[in-house]
Each structure stands twice: as C-alpha cells, then as structure tokens.
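Let me begin by presenting the structure, written as structure tokens, before commenting on it.
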Amino acid sequence: MELPRRTRGDELLKPGELLSLRQRLQNLSRRHDLTTVIACAFDWRTRMLPFIYADTHMAPAGVRSIGAAMLDAGFDKTRIVLQQWNRNFRPSQMRLDGRIPDLFMVSSMQIHSAECEAMIRDACRIDPAHRPLIIAGGPKTIYEPWGVFSADPLDPWGADIAVTGEEHVLLSLLEVLLSIRADNESVRTTFMRVRNSGILDSIPGLVYARTDREGVAEELVDTGIQRLLGDLDELPHPVLGYRLLEPPSRMATLGARALPADQVRKYSPIGSLVLTLGCKFACHYCPIPAYNQRQYRGKSGQRIAAEMARLYREYGLRHFFGADDNFFNDQQRTLEIVDTLASSEIDGVRIRRKIRWGTEVTIHDTLQMKDHLREVRNAGVRALWLGVEDMTAALIKKGQSVDRTREAFHLLQERGICPMPMMMHHDSQPLYTPGKPYGLLNQARLLRKAGAVSLQVLMMTPATGSKSYEDAFRSGLVYESVAGRRVEQHMLDANYVVASEHKQPWKKQLNILAAYLYFYNPLRLAVALVWPNSRLYLADAGMQVIGMWGLVQTFRRTLGWAMRLMRGPIKRATKVPASRIPMRSADGEVSSHALPGTPQAGLVQLNVESSAGTHADVLSE
Ligand code: B12
Ligand code: SF4
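Sequential numbering from 91 applies to the sequence shown in the working numbering.
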C-alpha cells in the first residue's frame with residue numbers, strides 16, 4: 091500500500107518556508123547548548139552484490155543531511171556515527187563534549203532494522219534521568235514507524251519519537267521543543283512534558299507514543315504525511331554533514347574529534363548528493379512516486395555545481411553519486427543541470443576534468459535524451475544505472491524493450507558513459523531460453539554485448555510503501571520461514587528469494603548466482619584487460635574485480651538459503667506485517683501510516699481493504 095497523498099495543492103512547503111525555519115532555529119539555538127549523536131544503522135549481513143563497495147565507501151546522505159541541518163541551525167556539538175565504520179559503537183557508552191548527549195538520533199533502512207533496534211535498546215539502558223531524547227528516522231520509519239516502539243511491558247524499549255519525513259520535520263520538532271524548554275531541563279523531559287498536550291500534532295511527519303509507562307507504547311499518534319520541500323536549493327549545504335563524521339574505529343565509545351577534512355576522501359571516496367527526487371512512472375512494486383506525492387523536486391544546476399566545487403575543494407571529493415530516483419525524469423530540468431555543470435569550472439578548469447559522477451535513470455528517458463548525451467558527459471557523468479528490470483517488459487512496461495535497451499546502451503557507450511543495468515528476476519523468467527531473449531542468462535548476455543559494465547540482478551520482493559505490497563502477503567506469495575529459519579528483515583534486500591510461487595524456488599536463488607557468475611569471472615577480467623573492446627575498459631576491469639569479490643560474499647550468504655528452499659518446508663505469511671500497537675491520527679481518525687490490520691486506538695478493528703487516499707477504513711467503534 092502506498093503512502094496516502096496530501097490534499098492536492100498542499101503537498102509542498104511554501105517557497106522559503108525551510109529558509110525561515112532555519113533562520114528561526116539559528117536564533118533559538120544560541121540559548122541551548124545541545125549535544126547530538128546521529129547514528130546510521132547498518133546490518134553487516136547485507137554486505138554482498140550488487141552494492142558491496144558503495145555500501146561502506148559512501149557516507150550516506152540521510153544522516154549527513156540531518157547532521158548538516160543541525161550544524162546549520164547552530165548545534166555544532168553534533169557527531170555522525172556510521173555502523174559501516176564503527177561496528178562496535180554502543181549508544182549507552184557515548185559521550186560528546188564530556189557528557190551524555192541531549193539527543194540521540196538513529197537513521198535506518200528497513201534491511202538494517204535489527205541494528206536500529208539494537209541501538210535504541212542500548213540507548214534505553216541509560217538511566218532515564220539522563221537519557222537523551224531518542225529520535226528515529228529514515229526509510230524504515232517513513233513506511234513502518236511502529237517498528238521503533240515496543241508495546242510489551244515485559245520488554246520495554248523504544249524511541250521517544252519517529253520522524254516519517256525529512257529535515258524540516260525534525261527542525262520543526264526541535265523548534266517547538268526548544269521554544270518551551272525550561273532552563274536546565276533536559277530535552278527529553280521537555281518532550282515528555284508536552285507529548286500528551288497535543289502541541290506536536292501540528293507538525294505533519296511525526297509518530298509518537300502516548301503512554302504513562304517508560305518504554306511501553308500504549309498507542310501511537312500519527313501527525314500525518316509530511317509536506318515536502320519543493321525547491322531543494324533551500325537545504326543546508328552538504329559540506330556541513332561531512333564535518334561531523336566519527337572516524338572509523340573498533341571502539342564502543344566516540345573519539346575526541348570528528349574525522350579531519352583531509353581524511354574524508356580516504357574513507358568516503360564517493361560522495362552521494364541529492365540532486366533531484368521523484369519519478370513520473372508508477373511501477374507497482376516501487377514506493378518512490380507515492381513517497382514524493384507525485385512531485386518531482388530538484389536543485390538548480392548552479393547550486394549543484396557550487397556543491398560539487400566546494401566538496402572538491404574542502405575534501406578533495408572527485409566522485410559523486412546522485413541520489414536521484416530518475417535523473418532524466420524531466421528533460422528541461424535535466425538540461426538545465428547538465429548545461430550549467432558543463433560550463434562550470436573549478437579553479438579555472440572545466441568541472442568534467444575534476445569531477446566524475448553517476449546516477450539512476452530509465453531506458454525510456456535515456457532515449458528521450460539521446461541528442462543530449464554529449465552534454466551529459468560534458469557535465470561529468472561517467473556511469474548511469476538503468477532500471478532495465480526485464481528487457482522483454484514481461485514484468486513491467488516502462489518503455490523498455492530488447493531493441494530500445496540495446497540502443498540506449500550503445501548510445502551511452504559511444505558517448506563514454508558506462509551503462510549499468512539493474513535487472514529484476516521473477517517467477518516466470520527462466521534461466522535460459524534457447525534462441526529467445528527472455529531467459530535471465532540470455533538477457534545478461536545481450537546486456538553485456540550492448541556494453542553493460544556492471545550487472546545488478548535482484549529477485550522481485552515486495553517493498554513497503556508500494557502498491558503491490560499487501561497483495562503479495564494476502565495472496566500467500568511471501569514466505570514467513572523456510573526449513574525452520576524465519577525470514578528476517580535483513581533478508582528483504584531482494585538478494586534472497588523470500589516471495590515466490592515457483593514450485594522450485596531454489597532454482598530462482600541459483601539463477602541469480604548463475605547470472606552473476608556469467609557476468610563477473612576471471613575470464614572476463616582477463617579479456618577486459620588484454621583485449622579491451624571499448625574506451626571504458628578500465629572501468630570494466632575495476633567492476634569485474636569488485637563484482638568477483640561481491641560474488642564470493644553473495645555465494646557465502648545465499649547458498650545456504652538455496653539449500654533450505656530445496657529442503658523446505660516453506661511456511662507462508664498470512665498477514666500483512668502491520669503494527670501491533672494501536673495507531674491513530676492526531677484527531678482520532680485513521681493513521682496515515684497504519685497498514686490494514688493495525689488496531690485503531692480507541693476502536694475495535696480496521697478493515698483489511700484499503701481505499702484510495704486512506705490507508706484503512708474504520709469498521710466499527
Ligand atoms: C543512494 C542509494 C543507495 C546507495 C546507498 C549508499 C550509501 N551508503 O549512501 C546504494 C546503491 C548502496 C543502495 C543500496 C541499497 N538500497 Co538504496 N537507495 C539509494 C537512494 C537512491 C538514495 C539514498 C539517499 O542518499 N537519499 C537522500 C537522503 C537525503 O535521503 P534519505 O536517506 O531518505 O534521508 C532523508 C529522510 O529519510 C530523513 N532521514 C533519514 N534519516 C533520518 C534520521 C532521523 C533521525 C531523521 C529525523 C530523519 C531522517 O531525512 C533525510 C533528509 O531528507 C534511495 C532512494 C532515495 N531517493 O532516497 C534508495 C533507497 C534508500 N534504497 C533502498 C533499498 C531497498 C536499497 C537496497 C536494499 C537495494 C535493493 N536490494 O533493492 C540496497 C541496500 C544495500 C545495503 N547493504 O545497505 C530503499 C530503502 C527502502 C526502505 N524502506 O528501507 C530506498 C529508499 C529506495 C526505495 N526503494 O524507495 N542504495
Ligand atoms: S521507474 Fe524506477 S523509480 Fe520510477 S516508479 Fe519505476 S522503479 Fe520506481
């Protein structure tokens with residue numbers, strides 16, 4: 091089920107709204123000496139193809155943006171801890187500026203939920219009198235905010251509040267809390283004092299627990315779907331977030347200082363940057379269009395050029411990854427960005443000579459842009475990840491076909507841009523189809539011949555916040571356990587076969603390994619180096635090395651699962667994984683984030699059918 095859309099015309103913040111909020115907080119922060127730790131949850135069991143290098147060599151933009159917003163607001167005692175770099179970090183032992191922080195924030199994707207929970211539990215070990223205000227956010231809480239709360243009196247733990255939105259939601263929350271914070275009062279005490287007063291209900295994008303018992307949520311109040319920032323130029327500069335990174339270490343505690351500027355590039359050689367957000371397509375398995383409330387948001391070319399130049403100067407960053415959902419989504423906006431970048435300079439030298447970057451696009455939009463791919467390369471673009479999914483469009487039609495995919499790949503190769511296909515394996519796709527382009531290996535071969543430099547093959551897996559999410563559970567497609575092993579959240583990364591109607595699902599698991607092995611192997615590496623057949627041969631060889639390393643990890647992690655799938659039995663899930671804690675909106679109606687099956691606070695039951703615009707219908711009081 092998709093996130094509901096706000097009333098038409100009320101999806102976006104008013105122009106300038108974030109700027110004035112930032113200004114107000116800058117004034118307010120002078121009276122509050124706050125220390126903040128922002129942790130990025132990372133489950134190491136997810137390390138495998140197709141993201142094996144990027145997952146740890148790119149300081150994530152989510153925590154950096156939140157850190158940048160804090161620093162910009164005037165809270166310079168802020169530290170960002172990445173579990174990717176600090177595996178042993180224990181929130182219960184953290185000290186910043188010699189004291190337990192006032193705020194502890196956690197950011198998590200769904201697949202890193204176990205680590206997110208472990209960190210929150212650990213933070214809850216801090217004596218309540220000194221405990222920081224615990225705020226959870228990021229892609230996990232955007233779709234499943236209840237996942238950071240406990241309803242079990244025998245097992246109390248939980249965040250104080252979940253943010254289901256972006257920077258401005260957090261800053262609005264802080265503005266309210268700091269405006270009413272008494273002298274020497276902890277921020278958490280202020281929060282507890284006002285939580286039940288309804289004062290937070292005017293900030294859309296929050297979910298908090300109403301309770302009288304520490305760590306036990308009796309009901310969750312959802313203030314609704316956030317308003318989105320339309321003009322991303324209003325965001326604080328990303329250079330700020332990099333100043334706050336905790337240096338990599340094996341310690342449970344924090345270092346005395348943040349990572350020095352001259353070390354940033356060593357640990358995070360790729361800089362992820364928000365350029366645009368949103369996508370015009372409506373793939374049933376994708377939550378992105380609904381999350382963005384069908385809006386397409388972006389930064390100006392000038393702002394992007396300035397950000398890249400400053401990040402290059404301050405940290406020596408030369409490689410960037412655009413956090414775009416579909417960078418070519420809107421041709422006019424794309425051209426404005428690439429033309430500006432192509433004509434920009436850093437220290438008198440064209441940007442493309444200093445900076446290389448890549449991002450995500452679709453086949454359809456690449457072909458629409460075919461006359462402009464030279465400008466795209468001149469803007470510094472060297473790699474584009476394309477959602478090919480299934481070349482024959484048997485899974486989803488979004489303007490791709492075998493010929494169109496080939497054409498797009500050839501055009502990109504010709505222009506010196508690496509085409510990086512992202513494929514989706516599904517139940518009806520065989521491993522090999524003689525003479526036809528339908529099989530997975532046939533497509534991997536076609537893509538390779540068309541110039542693909544890397545390969546991503548994921549299994550079709552229900553995504554939270556997507557249109558087809560609940561149907562996958564209701565129809566019995568999704569597994570609960572296989573051969574006695576439960577499907578855990580870290581396995582929802584689409585590398586594991588966890589939702590299938592195939593009679594022999596182990597074949598699907600092995601097909602993915604076979605496709606990767608076909609693509610990444612020592613023979614191809616040798617060919618790439620000895621008989622290069624394109625100008626992109628160095629990138630090709632590099633990707634082969636990373637690919638083989640990742641493939642070893644993928645074998646190690648998923649082969650056992652293939653064996654279990656072979657052995658069985660497979661137990662299927664019967665219910666959508668909804669909140670067990672009752673939820674409601676601030677005015678007592680149905681919560682915007684509740685999935686069907688969620689108990690309604692004060693009411694008996696929610697209908698299991700969803701309806702357009704609302705997540706569930708109230709059956710009875
Ligand atoms: C870049 C990217 C990656 C990179 C990440 C590298 C890195 N270290 O940064 C790579 C390529 C490695 C990657 C991999 C995967 N990704 Co990815 N990725 C993205 C992408 C395109 C951009 C992420 C980003 O930087 N966004 C910009 C930042 C600013 O946004 P943000 O992280 O959402 O943070 C904002 C808010 O969430 C909020 N927020 C975040 N944290 C916090 C914390 C607090 C306290 C608060 C208050 C607020 C808050 O404020 C932030 C500022 O606006 C997003 C889609 C998107 N456009 O966001 C998907 C996305 C994050 N990926 C997703 C997925 C599923 C994956 C994979 C599992 C892929 C797969 N198999 O399908 C793997 C996981 C790999 C791993 N082991 O972790 C999903 C996550 C869904 C979910 N519910 O968790 C997303 C959202 C795409 C989607 N389907 O919607 N990904
Ligand atoms: S094209 Fe990509 S981003 Fe757009 S809706 Fe489809 S899967 Fe999502």
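From the three backbone atoms N, C-alpha and C, an ideal C-beta is built for every residue, glycine too. The structure presented is a predicted model; accordingly, all values stated were derived computationally and were not measured.
Inter-residue spacing [alpha-carbon to alpha-carbon] between residue i and residue j
i      : j      : result
Val587 : Ala151 : 29 Å
Leu641 : Met633 : 12 Å
Val581 : Arg135 : With the sequence shown as reference, residue 581 is identified as Met, and Val is not the correct amino acid for it. Cα to Cα, Met581 sits roughly 9 Å from Arg135.
Glu699 : Gln174 : Since pLDDT at Glu699 reaches only 38, below the 50 mark, its modelled position is unreliable, and the value read off the structure follows with that caveat. So the alpha carbons of these two residues sit roughly 40 Å apart.
Asp245 : Met209 : 15 Å
Lys488 : Cys376 : 13 Å
Gly388 : Leu407 : 22 Å
Ile224 : Asp437 : 43 Å
Asp291 : Met510 : 44 Å
Leu501 : Ala351 : 38 Å
Ser119 : Leu260 : 14 Å
Asp420 : Pro379 : 14 Å
Pro552 : Arg440 : 44 Å
Leu685 : Ser491 : 35 Å
Asn416 : Asp273 : 47 Å
Ser240 : Ile251 : 12 Å
Arg95  : His683 : 11 Å
Trp475 : Val635 : 18 Å
Cys214 : Trp247 : 6 Å
Ala540 : Arg496 : 6 Å
Ser669 : Glu308 : 12 Å
Boundaries (first-last residue) of the alpha helix (DSSP H) holding residue i
i      : result
Leu628 : 627-657
Asp493 : 492-504
Thr280 : 277-285
Asp212 : 203-213
Ala158 : 151-163
Lys356 : 351-357
Thr254 : Per DSSP, Thr254 belongs to no alpha helix (DSSP H) and is neither H nor E.
Phe194 : Element bounds for Phe194: not the alpha helix (DSSP H) but the beta strand (DSSP E), 193-197.
Arg180 : Premise fails: Arg180 is in no alpha helix (DSSP H) and is neither H nor E.
Gly614 : What sits at residue 614 in the sequence shown is Arg, not Gly. Note, Arg614: alpha helix (DSSP H), 612-620.
Span of the beta strand (DSSP E) around residue i
i      : result
Asp187 : Premise fails: Asp187 is in no beta strand (DSSP E) and is neither H nor E.
Tyr381 : Per DSSP, Tyr381 belongs to no beta strand (DSSP E); it is in the alpha helix (DSSP H), 378-381.
Ser262 : Looking at the DSSP string, Ser262 is not in any beta strand (DSSP E); the run it does join, the alpha helix (DSSP H), is 257-270.
His515 : 508-515
Leu363 : 360-363
Arg662 : 660-662
Arg564 : No beta strand (DSSP E) holds Arg564; the alpha helix (DSSP H) holding it covers 559-564.
Assigned secondary structure, residue i (DSSP; H/G/I helix, E/B strand, else coil)
i      : result
Lys593 : coil
Lys488 : coil
Gly106 : coil
Ala604 : helix
Ala129 : strand
Leu172 : strand
His409 : strand
Met138 : coil
Arg58  : Outside the modelled stretch of the chain, which goes from 91 to 711, sits residue 58, for which no answer is possible.
Ile394 : helix
Ser571 : strand
Leu124 : coil
Lys167 : strand
Arg114 : helix
Gln385 : coil
When the options are compared against residue i, the one with the closest alpha-carbon
i      : options                        : result
Arg355 : Glu479, Glu450, Gln643, Leu401 : Leu401
Asp217 : Pro191, Val478, Arg121         : Pro191
Asp187 : Thr126, Lys557, Gly99, Arg121  : Thr126
Leu109 : His327, Asn286, Leu626, Thr168 : His327
Gln422 : Asn611, Asp415, Tyr386, Trp639 : Tyr386
Leu607 : Gly637, Leu628, Tyr627         : Gly637
Thr482 : Val471, Lys526, Val451         : Lys526
Phe194 : Gln116, Gln200, Ala249         : Ala249
Arg564 : Gly99, Glu591, Ala498, Pro235  : Glu591
Thr231 : Ser624, His202, Ser339         : His202
Ala605 : Lys104, Gly106, Leu139, Asp123 : Leu139
Any C-beta of chain B under 8 Å from that of residue i
i      : result
Gln392 : This model lacks chain B altogether; it includes just one protein chain.
Exercise for the section: Let me know the alpha helix (DSSP H) ranges lying completely inside the segment 413-476, each 4 residues or longer, listed in chain order. Expected result: 421-433, 441-444, 453-458, 463-468
Exercise for the section: Identify every run of the beta strand (DSSP E) within the segment 217-252, keeping only runs that are complete inside it and at least 3 residues long; order them along the chain. Expected result: Annotation note: the segment 217-252 contains the following uninterrupted beta strand (DSSP E) runs of length 3 or greater, listed N- to C-terminal: 223-227.
Problem - Uninterrupted alpha helix (DSSP H) stretches inside the segment 524-556 (no shorter than 4 residues) - result: Whole alpha helix (DSSP H) segments, 4+ residues: 530-539.
Handout entry: Entirely enclosed beta strand (DSSP E) segments - the segment 283-349, minimum 3 residues
Key = Taking only runs of at least 3 residues, the beta strand (DSSP E) segments lying wholly in the segment 283-349 are 296-300, 309-312.
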